[in-house]
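Engineer: The structure is given below, and queries will be raised subsequently.
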Amino acid sequence: MLIKSINAVLAVVAGVGGALVLFWVLNRLVGLLPGKWEDRLKPYVYIGPAFLAISLYLIYPAIQTIHFSFANADSTAYVGLDNYTSLLGSAGFRSTLVNTLLWIVIVPAVTILLGLGIAVLADRLRPRAEKLAKTAVFMPMAISAVGAGTIWRFVYAANPPGEPQIGVQNAIVTALGFDPVNWLQITDFKFNSFELMVMLLWAQVGFSMVLLSAAIKGVPADTLEAARIDGANERQIFLKVIVPQIRGTIITVFVTVTIGVMKLFDIVYVMTNGDFDTNVIGVQFFNELFTNFDNGKAAAIVVMLMIAIIPIMIYQVRHFRTEEAGR
Amino acid sequence: MRRTKFFTTLMPITAVALLATGCLNDAGSTQSGGAGNGNTGNTVEIMTGMGGDLFNAVKASLDPYAKEQGITIKWSPSDNFNQLIVTRVQGNNLPDIALFPQPGIMKDLAAKGKLAPLDDVLDMNALKSSMTPGTLEAGTQDGKLYGLMMSMNVKSLVFYPKQAFESAGYQAPKSIPELLSLTDKIRSEGKTPWCLGIESGPATGWPATDWMEELVLKYGGPAKYDDWVAHKINFDSPLVRQAAGTFEKIAFTEGNVLGGRKSISSNNFGTAGNPMFRNPPGCFMFKQGNFVAAKGIFPDDVVADIDNRVGVFGFPPATAGGENPVEGGGDLAGLFSKDNAAAKKLLQYMSTKDFGAAGAKTGAWMSPHKDFDLANYPTNTIRDIAKIAYGSTSLAFDGSDAMPGAVGSGSFWKGMTGWISGQQSLDQALKTIDDSWPAS
């Protein structure tokens, strides 16, 4: 234990100190150059290490992944587009894509709506009640997805009829005189996928609420007053005065949640591991890599995911730039 | 301006790309180093994947002997044995003895010449007459013994609530048809014959693969079972379909399983059996490995009075009195250096039929020796379980453990779960499993 703590301290000191020393040395070296060259090179000296680190830890693996997606399971021979065609040709993977799409369409939008609704309503409470309400909504954010999985397993747990029901929902259902329901196995209308989405919403709405609430509080009171004087009703004020002014925050939350949902893994893994037609591509990727040991297919999944995320990232960056320009 | 910006962005990326591409991994670069670490001292490192009560039981059996002989044992238990042993062998950082939980990796290492053959270390004639059939074969590669089974577990077991089962006049079936007619009889009396559960978190489905293995083993015998595990017999084959048909009769017939077919995938693999200890019992039979008959799975009051409350019979053979292989497992001890006198001494001790009296008393360990003194086991239940294995015609290891991971802990689990819970037909499931077998 002691040795481990010492190691940790050493790592922090050596890491941070090492970086400082590196920059200091580089700075001094550039300082030795004649004036004009010093000014020319200095920015690169400062950005260089960061750029190298990003190349090493981000760009290089990304390119290697694309490269491996055209190779076989243990990356020893090229197989062309086989990984892509066999994935897209399997009914299981297509259903996985449909599920993922469903998550992308539903979860970010509902997260925004609920977060916005809670933020607006909480804003009207007394300060103490507001704090309490927001804390309660925010609390699930602090719980890890695996912990959330454990909690929600108890919500959806099902035992055979006649046995004591330890699941909340089945306790209610059986108390009302019905037979217990195997919640996670209801595949009609993708109902079980929706049950899993509820978990992510439960965990994410607090995040969206906090950001949106801060944005709403940042809306200048005089704009609201002016609208009221002009005779606008509350709904008009909300839709036409508040929402346009917090549009930036809404988009940021939307994009963050969307990217999070595309990478979704933990909740589905813990609850069903993709059984009962609830699979999403994050779980499929994990299973290709760590169950099937198929580097090729796993890489192909990541490449497809990357291609899907890039437009969203570009949109986000563009939006950020226009925001900056508008300031 | 636009152009330069484009190029300055592109250039580093192409540079990295050039570095990254053009180099796939080498296929199968296995280097063969010297076998064994040449340890001749009196400290013996034993690597094992065992944990908990089983590990303590083995320690209790082996440590006193080592002490007597002046040998120090350095135990290296690991949850992650399979990966770790491969890494250590690659790095030539060898333990002296490894206790392999499955034969697969042990046989790999033996074939690569990393393990020392045990034929001239151990008394083979004594072993041949005392070991449970099949257990020596499990440790044999190319005609030589490399892995000595030194603990045993049994999977082909059906537990039942003793008093209720006996007072209803039911008898342990002698064949699969008898098992099916017993099932029908219990159902026709308005009771539920089976408890069945395959839920195991992200590993959901494995108990169903045990059922299939059991039935394939019973119907096909050990040779065809091995062919199936090696994919020389497909999943989509008459043998597997026969097994699936029997499973279907037991599991999917209305009224056969507590909670019905839909509840199988949500019932936990271990606690699914517990309703049979209620009064009146929720079910009368529960198939699972010997590990469930312990604290933490069966209810505490049942475990405390296990001999009066729990009965167990071996899953019956295809025909009464016919060949009766049993599914089970155990840990196989492998030796890394033939010159390691202390390690050899420990292995010789482990191979004797009396080894393990201390461990057996804990109730967590069973001996693979048929002539092991049954009085060492603490309960009749464990004695009955051990007798089922000792009386078998052959002990076969878990087949899905020996299949490639993509099947054995991937598509086989998922296919069975999908079939049982109704998302897939049997045809689809069998075909998907066959298709997922890695090409090699």
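Going down the list, the sequences are from chains A and B. Each residue of the first sequence is one higher than the last, beginning at 2 in the working numbering. Each residue of the second sequence is one higher than the last, beginning at 1058 in the working numbering. All C-beta atoms in this analysis are idealised placements derived from N, C-alpha and C, irrespective of residue type, glycine included. Given the structure is predicted, the values throughout are model-derived calculations rather than measurements.
(1) How long is the line joining the alpha carbons of residue 1154 of chain B and residue 1392 of chain B, rounded to whole angstroms?
(2) Looking at C-alpha atoms only, which residue of A:17, A:78, A:32, A:92 is the closest neighbour of residue 278 of chain A?
(3) Tell me which residues share the same chain as residue 34 of chain A and place their Cβ nearer than 8 Å to its Cβ, disregarding the 5 neighbours each side in the sequence.
(4) Could you check what DSSP says for residue 1167 of chain B in three-state terms: helix, strand or coil?
(5) So which residues of chain A does residue 1324 of chain B contact, with C-beta pairs closer than 9 Å?
(6) So which of B:1138, B:1098, B:1099 has the shortest CA-CA distance to residue 1105 of chain B?
(7) Using the Cα positions of residue 251 of chain A and residue 1467 of chain B, report the straight-line distance between them to the nearest angstrom.
(8) I need the straight-line Cα distance from residue 1177 of chain B to residue 1416 of chain B, nearest angstrom please.
(9) Under 9 Å between C-beta atoms, does residue 85 of chain A make it to chain B?
(10) Under the assumption that residue 1189 of chain B contacts residue 1446 of chain B (Cβ atoms under 8 Å), give the Cβ distance between them as a whole number of angstroms.
(11) What is the DSSP secondary structure of residue 1216 of chain B, counted as helix, strand or coil?
(12) From which residue to which residue does the alpha helix (DSSP H) around residue 287 of chain A run?
(13) Taking the alpha carbon of residue 1450 of chain B as the point to measure from, which residue in B:1125, B:1144, B:1280, B:1253 has its own alpha carbon closest?
(14) With a threshold of 8 Å, are at least 3 pairs of Cβ atoms found where one atom belongs to the region 1469 to 1479 of chain B and the other to the region 1302 to 1320 of chain B?
(15) Under the assumption that residue 161 of chain A contacts residue 1332 of chain B (Cβ atoms under 8 Å), give the Cβ distance between them as a whole number of angstroms.
(16) With 9 Å set as the bound, which would you pick, yes or no: does the beta-carbon of residue 100 of chain A sit closer than that to a beta-carbon of chain B?
(17) Count the C-beta pairs between the region 1403 to 1423 of chain B and the region 1179 to 1196 of chain B that are closer than 8 Å, then say yes if the count reaches three, no if not.
(18) Taking the alpha-carbon of residue 1232 of chain B as reference, which of B:1470, B:1492, B:1371 has the nearest alpha-carbon?
(19) Where do the N-terminal and C-terminal ends of the beta strand (DSSP E) with residue 1392 of chain B fall, by residue?
(20) Tell whether a beta-carbon distance below 9 Å holds between residue 1351 of chain B and residue 1099 of chain B.
(21) Distance cutoff 9 Å, beta carbons only. Does residue 185 of chain A sit that close to anything in chain B?
(22) Rounded to whole angstroms, what's the CA-CA distance from residue 1464 of chain B to residue 1226 of chain B? Just pull it up for me.
(23) Helix, strand or coil for residue 1290 of chain B? Go by DSSP, reduced to three states.
(24) Compare the C-beta of residue 270 of chain A with all C-beta atoms of chain B and state if any pair is closer than 9 Å.
(25) Using three-state DSSP, classify residue 1131 of chain B as helix, strand or coil.
(26) Looking only at its own chain, which residues have a Cβ that is under 7 Å from the Cβ of residue 1276 of chain B, when we skip the five neighbours before and after it?
(27) Return the bridge partner residues of residue 1451 of chain B from the DSSP annotation.
(28) In the structure shown, what three-state DSSP assignment does residue 1091 of chain B receive?
(29) What in chain A is Cβ-close to residue 1259 of chain B, meaning under 8 Å?
(30) What do you get for residue 1482 of chain B, buried or exposed, if any count of 16 or more other CB atoms within 10 angstroms of its CB means buried?
(31) Would you list, in chain order, the members of the region 1163 to 1195 of chain B that have their beta-carbon closer than 8 Å to a beta-carbon of chain A?
(32) Between residue 1487 of chain B and chain A, is the shortest Cβ-Cβ distance under 9 Å, so that the two count as touching?
(33) Going by DSSP, what residues sit across from residue 293 of chain A in a beta bridge?
(34) Quick one, are the C-beta atoms of residue 311 of chain A and residue 259 of chain A less than 9 Å apart?
(35) Let's see if you can read the secondary structure: which residues bound the alpha helix (DSSP H) around residue 1256 of chain B?
(36) Taking one C-beta from the region 1378 to 1390 of chain B and one from the region 1264 to 1275 of chain B each time, how about it: are there three or more such pairs within less than 8 Å?
Structural biologist: Taking the definition as stated:
(1) In the second sequence, the residue the question calls residue 1154 of chain B occupies position 97. In the second sequence, the residue the question calls residue 1392 of chain B occupies position 335. The alpha-carbon atoms of residue 1154 of chain B and residue 1392 of chain B are separated by roughly 5 Å.
(2) Residue mapping note: residue 278 of chain A aligns to position 277 of the first sequence, counting from 1. For the residues A:17, A:78, A:32, A:92, the minimum Cα distance to residue 278 of chain A belongs to A:92.
(3) Stepping through the first sequence from its first residue, residue 34 of chain A is reached at position 33. Within the same chain, residue 34 of chain A has close Cβ partners 42.
(4) Counting from one through the second sequence, the residue named residue 1167 of chain B turns up at place 110. Looking at residue 1167 of chain B - three-state DSSP - the assignment turns out to be helix.
(5) Position 267 of the second sequence holds residue 1324 of chain B. In chain order: 159, 160, 161.
(6) Sequence index remark: in the second sequence, residue 1105 of chain B carries index 48 (1-based). Ranking the options by Cα distance to residue 1105 of chain B, first place goes to B:1138.
(7) Sequence index remark: in the first sequence, residue 251 of chain A carries index 250 (1-based). Sequence index remark: in the second sequence, residue 1467 of chain B carries index 410 (1-based). Rounded to the nearest angstrom, the two C-alpha atoms are 40 Å apart.
(8) Residue 1177 of chain B sits at position 120 when you count from the first residue of the second sequence. Residue 1416 of chain B sits at position 359 when you count from the first residue of the second sequence. Residue 1177 of chain B and residue 1416 of chain B: Cα-Cα distance of roughly 27 Å.
(9) Against the first sequence, residue 85 of chain A aligns to sequence position 84. Output row for residue 85 of chain A: interface = no.
(10) Position 132 of the second sequence, counted from the first residue, corresponds to residue 1189 of chain B. Position 389 of the second sequence, counted from the first residue, corresponds to residue 1446 of chain B. The Cβ separation is near 6 Å, so the contact holds.
(11) Position 159 of the second sequence holds residue 1216 of chain B. In this structure, residue 1216 of chain B counts as strand in the three-state DSSP scheme.
(12) Counted from its first residue, the first sequence places residue 287 of chain A at position 286. Where residue 287 of chain A is concerned, the enclosing alpha helix (DSSP H) stretches over 282 to 287.
(13) In the second sequence, counting from the first residue as 1, residue 1450 of chain B sits at position 393. It is B:1280.
(14) yes
(15) Residue numbering aside, residue 161 of chain A sits at position 160 when the first sequence is read from its first letter. Residue numbering aside, residue 1332 of chain B sits at position 275 when the second sequence is read from its first letter. Sure, about 7 Å apart at Cβ, within 8 Å.
(16) Walking along the first sequence from the start, residue 100 of chain A turns up at place 99. Judged by the 9 Å Cβ criterion, residue 100 of chain A is not in contact with chain B.
(17) yes
(18) Here residue 1232 of chain B is taken as the residue at index 175 of the second sequence, counted from 1. Nearest of B:1470, B:1492, B:1371 to residue 1232 of chain B, Cα basis: B:1371.
(19) Start at 1 with the first residue of the second sequence, and residue 1392 of chain B comes out as number 335. Run containing residue 1392 of chain B: 1382 to 1392, per the beta strand (DSSP E) assignment.
(20) Taking the second sequence and counting its residues from 1, the one referred to as residue 1351 of chain B is at position 294. Taking the second sequence and counting its residues from 1, the one referred to as residue 1099 of chain B is at position 42. Contact: no.
(21) Position 184 of the first sequence, counted from the first residue, corresponds to residue 185 of chain A. So yes, residue 185 of chain A belongs to the interface.
(22) As a position in the second sequence, residue 1464 of chain B is number 407, starting the count at 1. As a position in the second sequence, residue 1226 of chain B is number 169, starting the count at 1. Approximately 42 Å between the Cα atoms of the pair.
(23) By one-based count along the second sequence, residue 1290 of chain B stands at place 233. The answer is coil: DSSP assigns residue 1290 of chain B none of H, G, I, E or B.
(24) For the purposes of this step, residue 270 of chain A is taken as residue 269 along the first sequence, with counting starting at 1. Yes, contact with chain B.
(25) Mapped onto the second sequence, residue 1131 of chain B falls at position 74. Correct three-state label for residue 1131 of chain B: strand.
(26) Taking the second sequence and counting its residues from 1, the one referred to as residue 1276 of chain B is at position 219. Here the set comprises 1296, 1299, 1300, 1375.
(27) Your numbering for residue 1451 of chain B matches position 394 in the second sequence. Residue 1451 of chain B is bridged to B:1382.
(28) The sequence position of residue 1091 of chain B within the second sequence is 34, counting from 1. Confidence at residue 1091 of chain B is low in this model, with a pLDDT of 38, below 50, so its placement is unreliable and no value can be given for it.
(29) Position 202 of the second sequence, counted from the start, is the residue given in the question as residue 1259 of chain B. Chain A residues near residue 1259 of chain B: 270, 271, 274.
(30) Numbered from its first residue, the second sequence carries residue 1482 of chain B at position 425. Result: exposed.
(31) none
(32) Walking along the second sequence from the start, residue 1487 of chain B turns up at place 430. Not closer than 9 Å to any Cβ of chain A, the Cβ of residue 1487 of chain B fails to qualify, so no.
(33) Along the first sequence, read from residue 1 onward, the residue named residue 293 of chain A stands at position 292. DSSP lists no partner for residue 293 of chain A.
(34) As a working mapping, residue 311 of chain A is identified with position 310 in the first sequence. As a working mapping, residue 259 of chain A is identified with position 258 in the first sequence. Cβ atoms of residue 311 of chain A and residue 259 of chain A: not closer than 9 Å.
(35) Counted from its first residue, the second sequence places residue 1256 of chain B at position 199. Segment: none, residue 1256 of chain B is in no alpha helix (DSSP H) and carries neither H nor E.
(36) yes
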